[in-house]
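Worksheet: the structure to be examined is printed underneath.
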Amino acid sequence: MNLLHRTLLAGAGLLALAACGTESAKDKTRPAPESHGGTHAATQAAIPAPAKKKTVQGLPGMPPVLDPKDVYAADRPNKLSPVVKDFPSRVYVPNTESDTVSVIDPKTYEIIETIPVGRQPQHVVPSWDLKTLWVNNNRGHTLTPIDPKTGKAGKDVEVHDPYNLYFTPNGKYAVVMASLDRELVFRDPHTMKRIKTEPVTCYGVNHADFSLDGRYFIVSCEFSGELLKVDTERMKVVGQQKLPFDGAMPQDVKVSPDGKRFYIADMMADGMWVLDGDKFTEPTLLPTGKGCHGLYVSRDSREMYVSNRGEGSVSVFDFTQNRLTKKWHLPDGGSPDMGGVSADGKVLWLSGRYDSEVYAIDTRTGQELARIPVGSGPHGLAVYPQPGRYSLGHTGIFR
1 MNLLHRTLLA GAGLLALAAC GTESAKDKTR PAPESHGGTH AATQAAIPAP AKKKTVQGLP
61 GMPPVLDPKD VYAADRPNKL SPVVKDFPSR VYVPNTESDT VSVIDPKTYE IIETIPVGRQ
121 PQHVVPSWDL KTLWVNNNRG HTLTPIDPKT GKAGKDVEVH DPYNLYFTPN GKYAVVMASL
181 DRELVFRDPH TMKRIKTEPV TCYGVNHADF SLDGRYFIVS CEFSGELLKV DTERMKVVGQ
241 QKLPFDGAMP QDVKVSPDGK RFYIADMMAD GMWVLDGDKF TEPTLLPTGK GCHGLYVSRD
301 SREMYVSNRG EGSVSVFDFT QNRLTKKWHL PDGGSPDMGG VSADGKVLWL SGRYDSEVYA
361 IDTRTGQELA RIPVGSGPHG LAVYPQPGRY SLGHTGIFR
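Counting in our numbering, the sequence shown runs from 1 upward without gaps.
Below, the structure is given as structure tokens:
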């Protein structure tokens with residue numbers, strides 16, 4: 001074999017090896033070819049592609065979920081929607097026995113106006129589009145609209161038995177909790193015209209919250225100690241269960257930031273029920289204090305403030321630690337009920353249901369900042385405006 005022949009055979013062998021290396025899909029150890037930049041291309045090839053962000057297939061028409069791990073991601077301190085950024089900061093207090101709404105300036109802790117409304121106002125509810133506050137005149141069978149920009153009340157709208165009011169996450173319907181009528185009434189969110197009535201067999205429908213994807217919501221039935229699961233799009237009850245406690249009286253409802261659990265305050269069981277909403281299996285009880293009533297999430301989504309109306313205290317629940325970490329007692333007692341958190345997250349506002357007063361509490365220390373006399377029977381007060389893109393109702397559940 002002459003030199004030329006040997007050279008040709010060696011070249012053919014090298015070509016064959018090169019071909020095997022480029023065509024073999026199983027050869028994962030072969031280094032990537034270098035570019036003119038030296039080893040830069042090889043280094044780039046070794047970096048894995050970023051994982052695709054998990055998306056939530058929400059209720060049709062619902063604004064997209066910002067963070068699948070935090071349903072309250074839009075509620076950060078002072079992150080106000082352009083719709084409300086120029087509204088004056090106020091605390092609106094419905095006085096059920098005085099048939100009025102006391103308006104408090106949170107900077108001075110003083111009442112600046114008293115608005116006459118219908119009979120037995122229960123809650124002040126921000127509308128889905130954030131433009132209107134609806135006062136639920138339960139026994140007056142009306143809703144009173146208040147313009148949060150001017151603080152002026154408009155003409156009452158006839159709505160039967162409006163104990164509480166919610167809005168579907170897509171803004172398509174208002175949902176009236178007709179407590180004594182034993183109905184969930186789906187209405188036009190602007191005109192309040194009745195669209196569909198869903199009769200229920202439990203007694204005292206009053207509070208609710210929606211799942212992460214908005215496709216269902218959990219409802220508490222105060223007087224029969226039951227829970228309902230409602231399909232949002234079908235506007236239909238799809239689940240019902242009796243709470244495993246004799247004499248249970250479930251109140252406020254809140255979903256956890258990750259959407260995996262619902263918490264239901266129970267004023268007779270003196271704690272929160274922890275429910276798997278998707279499975280709707282039997283919940284477990286977490287004791288908090290006598291008369292557990294209202295549930296409010298902190299601006300960083302780490303904690304939840306739990307008002308214990310029967311003992312004048314507020315328990316603090318840590319979502320990550322899955323336990324109660326603090327308890328704040330009002331210095332002179334009281335009956336802390338419903339309310340909300342200030343836009344900056346520094347103050348928790350609660351009505352004193354049986355003491356004709358409102359409490360302002362420092363969320364960092366638990367110190368009582370103010371105790372303000374109001375009308376008789378203050379109930380579901382609304383702190384407004386608050387951060388968020390849209391409102392699901394009650395005293396302010398924002399997403």
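C-beta: ideal position from N, C-alpha, C; glycine also.
So the beta strand (DSSP E) residue i belongs to, where does it begin and stop?
i           : result
residue 128 : Note, residue 128: premise wrong, no beta strand (DSSP E); not H, not E.
residue 167 : 164-167
residue 92  : 90-95
residue 275 : 271-275
residue 221 : 216-221
residue 402 : Limits of the chain in this structure are 1 at one end and 399 at the other, which puts residue 402 out of reach.
residue 110 : 110-116
residue 329 : 323-329
residue 54  : Element bounds for residue 54: n/a, residue is neither H nor E.
residue 156 : Note, residue 156: premise wrong, no beta strand (DSSP E); not H, not E.
residue 80  : First-last for residue 80: undefined, no H or E at that position.
residue 352 : 347-352
residue 360 : 357-362
residue 316 : 313-318
Hey, residue i and residue j are a contact pair by Cβ (cut 8 angstroms); roughly how many whole angstroms apart?
i           : j           : result
residue 426 : residue 228 : It is not possible to answer for residue 426, since the shown part of the chain is limited to 1 through 399.
residue 198 : residue 235 : 6 angstroms
residue 271 : residue 295 : In fact, because the Cβ distance is near 12 angstroms, the residues do not count as touching under 8 angstroms.
residue 244 : residue 301 : With a Cβ gap of about 29 angstroms, residue 244 and residue 301 do not count as contacting.
residue 210 : residue 175 : Contact doesn't hold; Cβ gap of about 10 angstroms is too wide.
residue 249 : residue 214 : Between residue 214 and residue 249 the Cβ distance is about 27 angstroms, and since that is not below 8 angstroms, they are no contact.
residue 100 : residue 114 : 5 angstroms
residue 404 : residue 118 : In this structure the chain extends from 1 to 399, so residue 404 is not present and cannot be described.
residue 408 : residue 381 : Shown here, the chain extends from 1 to 399; a query on residue 408 therefore has no answer.
residue 360 : residue 341 : About 11 angstroms separates the two Cβ atoms, so there is no contact after all.
Rounded to whole angstroms, what's the CA-CA distance from residue i to residue j? Just pull it up for me.
i           : j           : result
residue 401 : residue 313 : The structure shown does not extend to residue 401, since the chain spans only 1 to 399, so no value can be given for it.
residue 96  : residue 308 : 20 angstroms
residue 398 : residue 297 : 10 angstroms
residue 268 : residue 178 : 22 angstroms
residue 79  : residue 89  : 14 angstroms
residue 38  : residue 319 : Unreliable placement is indicated for residue 38, whose pLDDT of 42 sits below 50; the coordinate value is still reported in the next sentence. Their Cα atoms are separated by approximately 49 angstroms.
residue 148 : residue 127 : 11 angstroms
residue 305 : residue 172 : 30 angstroms
residue 102 : residue 335 : 18 angstroms
residue 65  : residue 109 : 35 angstroms
residue 144 : residue 156 : 5 angstroms
residue 60  : residue 316 : 35 angstroms
residue 291 : residue 337 : 9 angstroms
residue 223 : residue 206 : 10 angstroms
residue 137 : residue 125 : 11 angstroms
residue 266 : residue 121 : 22 angstroms
residue 401 : residue 161 : Missing from the structure shown is residue 401; the chain here goes from 1 to 399 and no further.
residue 69  : residue 76  : 15 angstroms
residue 311 : residue 293 : 11 angstroms
residue 130 : residue 216 : 22 angstroms
residue 123 : residue 135 : 6 angstroms
residue 324 : residue 365 : 15 angstroms
residue 278 : residue 54  : 18 angstroms
residue 251 : residue 112 : 30 angstroms
residue 326 : residue 191 : 44 angstroms
residue 237 : residue 231 : 6 angstroms
residue 383 : residue 91  : 5 angstroms
residue 284 : residue 321 : 17 angstroms
residue 140 : residue 189 : 19 angstroms
residue 367 : residue 332 : 12 angstroms
residue 154 : residue 195 : 23 angstroms
Can you look up residue i in the DSSP assignment and give me helix, strand or coil?
i           : result
residue 208 : strand
residue 73  : helix
residue 187 : strand
residue 390 : coil
residue 397 : coil
residue 137 : strand
residue 121 : strand
residue 6   : Caution applies to residue 6, whose pLDDT of 43 falls short of 50 and renders its modelled position unreliable; the value that the coordinates give is listed next. Helix.
residue 174 : strand
residue 194 : strand
residue 202 : coil
residue 303 : strand
residue 338 : strand
residue 232 : coil
residue 86  : coil
residue 145 : strand
residue 254 : strand
residue 295 : strand
Using 8 angstroms as the threshold, is the region 376-396 in touch with the region 352-361, meaning 3 or more CB pairs across them?
-> Proximity of the region 376-396 to the region 352-361 meets the contact definition, three or more beta-carbon pairs being nearer than 8 angstroms.
Can we say the region 81-88 touches the region 379-391, given the rule of at least three CB pairs closer than 8 angstroms?
-> The region 81-88 vs the region 379-391: in contact.
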